[in-house]
Amino acid sequence: MTGLILYFSGTGNTKRVANEFKSCLLKKKVNVLMYSIEEHINLTNIGYDFLIIGFPKYYEYPIMCMLDYLKQNLQKYDKPIPTLAFCTQAGPLQTDFTGLEKLLKKKNHRLTVAISFPYANNMMIFRAFKPTEPAKLMENQENIRKQIEPLLNIFLKGEISKEHTKVWQRPFIYLVAAACTKLMPAFAMRFSADQSCTHCGLCAENCPMKNIKMVHGNPVFENHCLFCMRCINSCPSNSIRYNKRKCRQYKWKQTLQPIENKPSDVSEHKGK
Ligand SMILES: Cc1cc2nc3c(=O)[nH]c(=O)nc-3n(C[C@H](O)[C@H](O)[C@H](O)COP(=O)(O)O)c2cc1C
Numbered sequence: 656m657t658g659l660i661l662y663f664s665g666t667g668n669t670k671r672v673a674n675e676f677k678s679c680l681l682k683k684k685v686n687v688l689m690y691s692i693e694e695h696i697n698l699t700n701i702g703y704d705f706l707i708i709g710f711p712k713y714y715e716y717p718i719m720c721m722l723d724y725l726k727q728n729l730q731k732y733d734k735p736i737p738t739l740a741f742c743t744q745a746g747p748l749q750t751d752f753t754g755l756e757k758l759l760k761k762k763n764h765r766l767t768v769a770i771s772f773p774y775a776n777n778m779m780i781f782r783a784f785k786p787t788e789p790a791k792l793m794e795n796q797e798n799i800r801k802q803i804e805p806l807l808n809i810f811l812k813g814e815i816s817k818e819h820t821k822v823w824q825r826p827f828i829y830l831v832a833a834a835c836t837k838l839m840p841a842f843a844m845r846f847s848a849d850q851s852c853t854h855c856g857l858c859a860e861n862c863p864m865k866n867i868k869m870v871h872g873n874p875v876f877e878n879h880c881l882f883c884m885r886c887i888n889s890c891p892s893n894s895i896r897y898n899k900r901k902c903r904q905y906k907w908k909q910t911l912q913p914i915e916n917k918p919s920d921v922s923e924h925k926g927k
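Structure (structure tokens):
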């Protein structure tokens, strides 16, 4: 039996949880293939018996770039493929997975397990959004760790466990998320680098949208940004500003040990 894990992670939270799913499956002697959607893997060449999808929650909805990716790349299978979806998020609210479920159904993938994991806030460019307290982060991390094995047991047995939001809330949540996803990129022009920039180009190299161009050694921000916060966190000199204001970096690794101490996690803020 082979499972495919596909994920998107802006600043590493989702990747850490995806790694945890992977190692739990490996312990169960299940073959696992795991890719970030940024790797642009050709899914037509990959055979799998079940799918796990991981992504961060943006604007109280599954990040839309993941939905677009699945729409464009997921193959329609002859036999139904059991699918587990998880999102990582800052807050405690449940997630509306119904849009994702409909999309998966069109590709003959059956969403049987869907869950949100409150984890840590990586969105701190606006003053109203505060970083998650280290103790809370620790508690969230422990909760995630505890849930993964039971969830996989349910999933592999073919049982159903899906989180739900209230039906009347769904169109509203979707509209807000769609509007924010469409409007936010224009605000990316407010990003800039200050004079402490060392011109290393890491921000441009790591941007999942290739939204940053190095012009005469300086990063220039265009308008197709995801607002994933990776540029801020991958900058070695914390030189990136929003609206000319210093941005707080999301330094998860300085506060905690990773869920799983893997060598690949060392570069987590420096790429996929
Ligand atoms: C643009 C943006 C929007 C976000 N919106 C929400 C949200 O609506 N609700 C929430 O709980 N967390 C929200 N977050 C926080 C992220 O979902 C959370 O930090 C997530 O774990 C980040 O995952 P990553 O490190 O894999 O990118 C948002 C983060 C960003 C950058």
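Positions 656 to 927 (our numbering) are the ones given, in order, by the sequence shown. Positions of the beta carbon are idealized from the N, C-alpha and C atoms, including for glycine. Everything numeric in this text was worked out from a predicted model, so none of it was measured.
Using 8 Å as the cut-off, classify the Cβ of residue i as near or not near the heavy atoms of ligand 1, replying yes or no.
i: residue 719; result: no
i: residue 670; result: yes
i: residue 609; result: Because the chain in this structure spans residues 656 to 927, residue 609 falls outside the shown range and cannot be described.
i: residue 789; result: no
i: residue 742; result: yes
i: residue 774; result: yes
i: residue 839; result: yes
i: residue 664; result: yes
i: residue 783; result: no
i: residue 748; result: yes
i: residue 884; result: yes
i: residue 843; result: no
i: residue 714; result: yes
i: residue 667; result: yes
i: residue 711; result: yes
i: residue 745; result: yes
i: residue 777; result: yes
Work out the CA separation of residue j and residue i for me, nearest whole Å.
i: residue 669; j: residue 659; result: 15 Å
i: residue 681; j: residue 806; result: 15 Å
i: residue 917; j: residue 678; result: Confidence at residue 917 is low in this model, with a pLDDT of 46, below 50, so the placement of that residue should be treated as unreliable; the coordinate-derived value is given next. Distance between the alpha carbons of residue 917 and residue 678 is about 10 Å.
i: residue 683; j: residue 700; result: 25 Å
i: residue 900; j: residue 893; result: 11 Å
i: residue 775; j: residue 726; result: 28 Å
i: residue 809; j: residue 871; result: 54 Å
i: residue 835; j: residue 844; result: 15 Å
i: residue 854; j: residue 695; result: 28 Å
i: residue 708; j: residue 875; result: 32 Å
i: residue 736; j: residue 824; result: 28 Å
i: residue 751; j: residue 715; result: 8 Å
i: residue 841; j: residue 879; result: 7 Å
i: residue 720; j: residue 693; result: 10 Å
Quick check on this structure: which residue in the options has the alpha carbon closest to the alpha carbon of residue i?
i: residue 673; options: 724, 739, 825; result: 739
i: residue 713; options: 737, 676, 777, 871; result: 777
i: residue 881; options: 875, 863, 735; result: 863
i: residue 757; options: 878, 722, 698, 702; result: 722
i: residue 890; options: 883, 877, 852, 898; result: 852
i: residue 821; options: 753, 885, 703; result: 753
key: Three or more C-beta pairs below 8 Å linking the stretch 858 to 873 and the stretch 816 to 831   = no
inquiry  = For the structure I just gave you, are there three or more beta carbon pairs, one from the stretch 675 to 693 and one from the stretch 840 to 852, closer than 8 Å?
reply    = no
query = Between the stretch 763 to 780 and the stretch 730 to 745, are three or more C-beta pairs nearer than 8 Å?
reply = yes
key: Meets three-Cβ-pair contact criterion under 8 Å: the stretch 865 to 877 and the stretch 897 to 904   = no
message = Between the stretch 742 to 757 and the stretch 770 to 778, can you find at least three pairs of beta-carbon atoms closer than 8 Å?
response = yes
message = Pairs of beta-carbons, one from the stretch 775 to 784 and one from the stretch 799 to 819, closer than 8 Å: are there three or more?
response = no
query = Which whole runs of the beta strand (DSSP E) in the stretch 748 to 800 are 3 residues long or more, in chain order?
reply = 764 to 773
Ranges of the beta strand (DSSP E) found wholly within the stretch 853 to 913, counting only runs of at least 3 = 867 to 870, 873 to 876, 895 to 897
ask   = If you scan the stretch 657 to 715 from start to end, which runs of the beta strand (DSSP E) of 3 or more residues do you find wholly inside it?
value = 657 to 662, 686 to 691, 705 to 713
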